[in-house]
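Colleague:
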Amino acid sequence: MIKMIVSDMDGTLLLTDASISKENLEAIKYAQSKGVNFTIATGRDYFGIKGIMDRYGLHCSCILGNGAQFCDETGKILSSCYFPKERFKEVLKIFDDLNTYYMIFTTAGFYTTKKPEIVRDAFIDRCIQRFNRKKEEYFNGVQQDMPCMHLKEIKDVDEFLKQDIDIIKVEAFNTNTALISKAKEKLAALSGIAYLSSFDDNVEVTDKKAQKGLILEQVVAKMNISKDEVMVLGDGLNDITMFERFKYSFAPENADSTIKEMAYQVVKSCENNGVAQAIYTMV
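Using the numbering used here, the letters of the sequence shown correspond one by one to residues 3 to 285.
In structure tokens form, the structure reads like this:
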């Protein structure tokens, strides 16, 4: 019997326009009415998903920053695993040397070492190209709460590191995917960190232990739920650690081929209510 459902957001639960379909929402509410815990697992931070949750009346716990944080339905952080500051400058240098923009997610907001408007516009252009989104969505629409819209500039990295701020992750992006691949090669030489990609044009760097599957193992153990009572859903390489650790793993048809090969079952795409299909299969 399934007691917990854990779903990725982008490319899994959300449609490409960042909405939740009526069918998926009804399936989630149905599962919750049966006493099943529904949890979101995302690379976003809490404020990056709160607007969506509020819009759809979705109350649930969340795995954030790809496993850097776990919070309850009120946003209270119950568990965390933050970026090792001693590796911070080395990671930034890798991206700087490859002319690759990045955003720094912290417990005090979002930062970049470049001009915020330059990084913002580059990220929006990337999303327009990859997800067919519209620019106005970011300035007066469903994407206006995205981190790229709230970046602050770090003028002195050493001074920034002295502040009482925890770093959740560093997310870099470049439409030249060859440069992302080169960055990963260089990141592999650094100890104490983990890196993964939601797509081939980005890479997210966290503490080595900050991974969705690892923090989920800790959460279910504390809840006294067995792994066979958990189902996970995801489409990207940042979901691999969940698929490795939990038998009942579901991938939408649009998922990365590696994820689909690992999945217990492949369901319909995110545009065709794959989450609802998976939930009704197991609950």
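Just so you know, even glycine gets a beta-carbon here, dropped at the ideal spot from N, CA and C.
Whose CA, out of I217, R247, F97, V234, lies closest to the CA of V268?
Modeller: The sequence position of residue 268 within the sequence shown is 266, counting from 1. Checking every option, the nearest Cα to that of V268 belongs to V234.
Colleague: I need the boundaries of the beta strand (DSSP E) containing M233, first residue and last residue.
Modeller: The sequence position of residue 233 within the sequence shown is 231, counting from 1. First-last of the beta strand (DSSP E) with M233: 232–235.
Colleague: Give, in chain order, every unbroken run of the beta strand (DSSP E) that is at least 3 residues long and sits entirely within the region 133–196.
Modeller: Those beta strand (DSSP E) runs which fall completely within the region 133–196 and span 3+ residues are 153–155, 169–175.
Colleague: Since M3 is in the beta strand (DSSP E), which residue starts that stretch and which ends it?
Modeller: Here residue 3 corresponds to residue number 1 of the sequence shown, with the count starting at 1. First-last for M3: undefined, no H or E at that position.
Colleague: Across which residues does DSSP place G111 in a beta bridge pair?
Modeller: As a working note, residue 111 is residue 109 in the sequence shown. Answer is T108.
Colleague: For the beta strand (DSSP E) holding I54, just list the boundary residues, first then last.
Modeller: Indexing the sequence shown from 1 puts residue 54 at position 52. Per DSSP, I54 belongs to no beta strand (DSSP E); it is in the alpha helix (DSSP H), 48–57.
Colleague: Less than 6 Å between C-beta atoms, sequence neighbours within five positions excluded: which residues of the same chain meet that for H152?
Modeller: Your numbering for residue 152 matches position 150 in the sequence shown. The residues are F112.
Colleague: What first and last residue would you give for the alpha helix (DSSP H) that runs through D98?
Modeller: Along the sequence shown, read from residue 1 onward, the residue named residue 98 stands at position 96. Counting along the chain, the alpha helix (DSSP H) containing D98 begins and ends at 90–99.
Colleague: Quick one: is T108 buried, meaning 16 or more other Cβ sit within 10 Å of its Cβ, or exposed?
Modeller: As a working mapping, residue 108 is identified with position 106 in the sequence shown. Per the 10 Å Cβ criterion, buried.
Colleague: How should S251 be labelled, buried or exposed, when 16 other C-beta atoms within 10 angstroms of its C-beta is the threshold for buried?
Modeller: In the sequence shown, the residue the question calls residue 251 occupies position 249. Answer is buried; the Cβ neighbour count reaches 16.
Colleague: Could you check what DSSP says for N275 in three-state terms: helix, strand or coil?
Modeller: Sequence index remark: in the sequence shown, residue 275 carries index 273 (1-based). Coil, per DSSP.
Colleague: Do you know offhand how far I261's Cα is from M244's?
Modeller: By one-based count along the sequence shown, residue 261 stands at place 259. By one-based count along the sequence shown, residue 244 stands at place 242. Cα to Cα, I261 sits roughly 10 Å from M244.
Colleague: Which residue wins for smallest C-alpha separation from C73, given the options F97, G59, A43, V232?
Modeller: Along the sequence shown, read from residue 1 onward, the residue named residue 73 stands at position 71. With distances taken between Cα atoms, C73 lies closest to A43.
Colleague: Whose CA, out of D147, A110, K91, E139, lies closest to the CA of L192?
Modeller: As a first step, residue 192 must be located in the sequence shown, where it is residue number 190. Ranking the options by Cα distance to L192, first place goes to K91.
Colleague: Looking only at DSSP bridge pairs, what is P86 linked to?
Modeller: The residue labelled residue 86 in the question sits at position 84 within the sequence shown. DSSP, once it has assigned bridges, lists no residue as partnering P86.
Colleague: If you check the beta carbons only, do C150 and I126 fall under 9 Å apart?
Modeller: The count along the sequence shown starts at 1 and reaches residue 150 at position 148. The count along the sequence shown starts at 1 and reaches residue 126 at position 124. Result yes, Cβ atoms of C150 and I126 sit closer than 9 Å.
Colleague: I need the straight-line Cα distance from S259 to D47, nearest angstrom please.
Modeller: As a first step, residue 259 must be located in the sequence shown, where it is residue number 257. As a first step, residue 47 must be located in the sequence shown, where it is residue number 45. Taking the straight line from one Cα to the other gives about 26 Å.
Colleague: On a Cα-Cα basis, can you pick out the residue from L100, I65, C64, E119 that is closest to L189?
Modeller: In the sequence shown, residue 189 corresponds to position 187, counting from 1. Cα-wise, what sits closest to L189 is L100.
Colleague: Could you give the residue range of the beta strand (DSSP E) that holds I22?
Modeller: Within the sequence shown, the letter at position 20 stands for residue 22. First-last for I22: undefined, no H or E at that position.
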